[in-house]
Amino acid sequence: MKYHGLLTSNQGMNKLPTNPCSLLDFNFLRLNAGETIVAESGDREILAVLLGGKATFEINGAKFEKVGGRPNVFSGKPHSVYIPCGAKYSILAESSVEIALPSAPSDLKDIAPYTINPAQVANGTWGAANFKRYYHQILTTASQPELPARRLIVGETLTPSGNWSTYPAHKHQEDDLPRQAFHEEMYFFKVNPKEGFGICHYYNEEGEEENFTIRDNSIHMMPKGYHTVVSAPGYTTYYLWFLAGNQRVQATVDDPDTGWVNKTVAMLKELGH
């Protein structure tokens, strides 16, 4: 089975070329200034993450004006808008805008739409040395317990030139708390400069294994399995990560062959790496 693809980047709504996940879905929206889309969320909750530009949202009559600000994903924390299930909504581009729209099933119709501002987005570093990367936690129970959602967990990771990310490789395919929690996951990638690339390595216990080239606007879809990412020297890779499962508590299991690397993080940080 193929777990990756390249999204079209046409004006308007761009959908996944294929989707092996049963819960998660994703759309990539591009609008020119003054353009509008009108849609309904149906039985899904959506988190609209402004990748670049500004837009005005109207959701079930509630209006959120000129949301956004960063020119691109490599220039600061995001603005986001939560769209609950059962909502009618419109998005008006105040400038040229790119918006990521991850979604998952929801039955929580009493949640009001809300915005998440950059000040509400936790940030920091994971790993050390050549597997250090920088994260933004947009909608997680760990950093934003006051923001309601049914299934979605969303954040961003920036992986510097030549560094590994989401390393050691890990999985989250069974509900066995506190050891592991079942979550499907997707990564939506950007690359800076955009002509660059990275590599994503995916494998699972059924013997499936693939390496694919990360390009601007590529997608990695993971209903199960281990996964890890590396940026080519000279290029920074970004990925929006989003998960959905039976609950919103996160717990992962490292690949037993490489998980020992996590034990070196504290020592490497003490050494200034």
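Every letter in the sequence shown is one number past the one before it in my numbering, and letter 136, counting from 1, is 146.
In this text, a Cβ means the ideal position worked out from N, Cα and C, and glycines have one as well.
Assign G34 to buried or exposed, taking buried as 16 or more other Cβ atoms, counted over all protein chains shown, within 10 Å of its Cβ.
On the sequence shown, residue 34 is found 24 positions in, with the first residue counted as 1. First, the amino acid is wrong: residue 34 is Leu here, not Gly. Buried, because 16 or more other Cβ atoms sit within 10 Å of the Cβ of L34.
Given this structure, state the Cα-to-Cα distance separating K204 from G137, to the nearest angstrom.
Within the sequence shown, the letter at position 194 stands for residue 204. Within the sequence shown, the letter at position 127 stands for residue 137. One C-alpha to the other measures close to 25 angstroms.
G52 by DSSP, collapsed to three states: which one?
On the sequence shown, residue 52 is found 42 positions in, with the first residue counted as 1. Of the three classes helix, strand and coil, the one that applies to G52 here is coil, per DSSP.
How many angstroms separate the CA atom of Y249 from the CA atom of F198?
Locating residue 249 in the sequence shown gives position 239, where the first residue counts as 1. Locating residue 198 in the sequence shown gives position 188, where the first residue counts as 1. Whole-angstrom Cα-Cα distance: 5 angstroms.
Go to K181, then tell me how far its beta strand (DSSP E) extends in each direction, as first and last residue.
In the sequence shown, counting from the first residue as 1, residue 181 sits at position 171. From DSSP, the beta strand (DSSP E) with K181 extends over 174 to 181.
Taking a contact to mean a Cβ-Cβ separation below 8 angstroms, would you say E55 touches A159 in this structure?
Counting from one through the sequence shown, the residue named residue 55 turns up at place 45. Counting from one through the sequence shown, the residue named residue 159 turns up at place 149. Against a cut-off of 8 angstroms, the Cβ pair of A159 and E55 comes out as a contact.
Does the beta-carbon of H283, which I'm using as the reference point, lie nearer than 7 angstroms to any heavy atom of the ligand ATP?
Here there are no bound small molecules, and the ligand ATP is not part of this structure.
Of the residues I224, P233, I209, R225, which one's Cα is nearest the Cα of E215?
Looking up residue 215 in the sequence shown gives position 205. Taking only the C-alpha atoms, the option nearest E215 is P233.
State buried or exposed for Q257, treating a residue as buried only when at least 16 other CB atoms are found within 10 Å of its CB.
Position 247 of the sequence shown, counted from the first residue, corresponds to residue 257. It counts as exposed.
I271: which of W174, G217, Q190 sits nearest, CA to CA?
Residue numbering aside, residue 271 sits at position 261 when the sequence shown is read from its first letter. The amino acid occupying residue 271 in the given sequence is Val; Ile does not appear at that position. When only C-alpha atoms are compared, the closest one is W174.
For P112 versus L57, is the C-beta distance shorter than 8 angstroms?
Translated into positions along the sequence shown, residue 112 becomes position 102. Translated into positions along the sequence shown, residue 57 becomes position 47. In this structure, L57 lies closer than 8 angstroms to P112 by Cβ.
Beta-carbon within less than 6 angstroms of T223's beta-carbon, same chain only, minus the 5 sequence neighbours each way: which residues are those?
In the sequence shown, counting from the first residue as 1, residue 223 sits at position 213. So the list reads F207, once near-sequence residues are dropped.
Between N20, L17, K12, S32, which has its C-alpha nearest R161's C-alpha?
Position 151 of the sequence shown, counted from the start, is the residue given in the question as residue 161. Residue S32 is the option with its Cα nearest to R161.
Could you tell me the boundaries of the beta strand (DSSP E) in which V164 lies?
Taking the first residue of the sequence shown as position 1, residue 164 is located at position 154. Residues 163 to 169.
Where the beta strand (DSSP E) containing L16 begins and where it ends:
As a first step, residue 16 must be located in the sequence shown, where it is residue number 6. Start and end: 14 to 16.
What distance in whole Å lies between the Cβ atoms of G86 and P128, which are believed to be in contact at a cut-off of 8 angstroms?
For this step, residue 128 is matched to residue 118 along the sequence shown. For this step, residue 86 is matched to residue 76 along the sequence shown. Between G86 and P128 the Cβ distance is about 7 angstroms, and since that is below 8 angstroms, they are a contact.
Determine, using beta-carbon pairs with one atom in the stretch 163 to 172 and one in the stretch 180 to 190, whether at least three such pairs fall under 8 angstroms.
no
So V259 is in the alpha helix (DSSP H); what residue range does that whole segment cover?
Position 249 of the sequence shown, counted from the first residue, corresponds to residue 259. Element bounds for V259: n/a, residue is neither H nor E.
Relative to the C-alpha of G165, which residue among L39, Y144, K181, A179 is closest?
Translated into positions along the sequence shown, residue 165 becomes position 155. Taking only the C-alpha atoms, the option nearest G165 is Y144.
Give the DSSP-derived three-state secondary structure of K73 in the structure shown.
Counted from its first residue, the sequence shown places residue 73 at position 63. The answer is strand: DSSP assigns K73 an E or B state.
On the DSSP bridge list, what partners appear for N133?
In the sequence shown, the residue the question calls residue 133 occupies position 123. DSSP, once it has assigned bridges, lists H146 as partnering N133.
Can you tell me the Cα-Cα spacing of I209 and V201, whole angstroms?
Sequence index remark: in the sequence shown, residue 209 carries index 199 (1-based). Sequence index remark: in the sequence shown, residue 201 carries index 191 (1-based). Their Cα atoms are separated by approximately 11 angstroms.
Of all the options T28, V59, G52, S51, which has the alpha carbon lying nearest to the alpha carbon of L39?
Taking the first residue of the sequence shown as 1, we reach residue 39 at position 29. Closest by alpha carbon: V59.
Please work out which residues of its chain come closer than 8 angstroms, Cβ to Cβ, to Q130, disregarding the five sequence neighbours upstream and downstream, and give them in chain order.
Residue numbering aside, residue 130 sits at position 120 when the sequence shown is read from its first letter. For Q130, where only same-chain residues beyond five positions count, the Cβ hits under 8 angstroms are Q154, L157.
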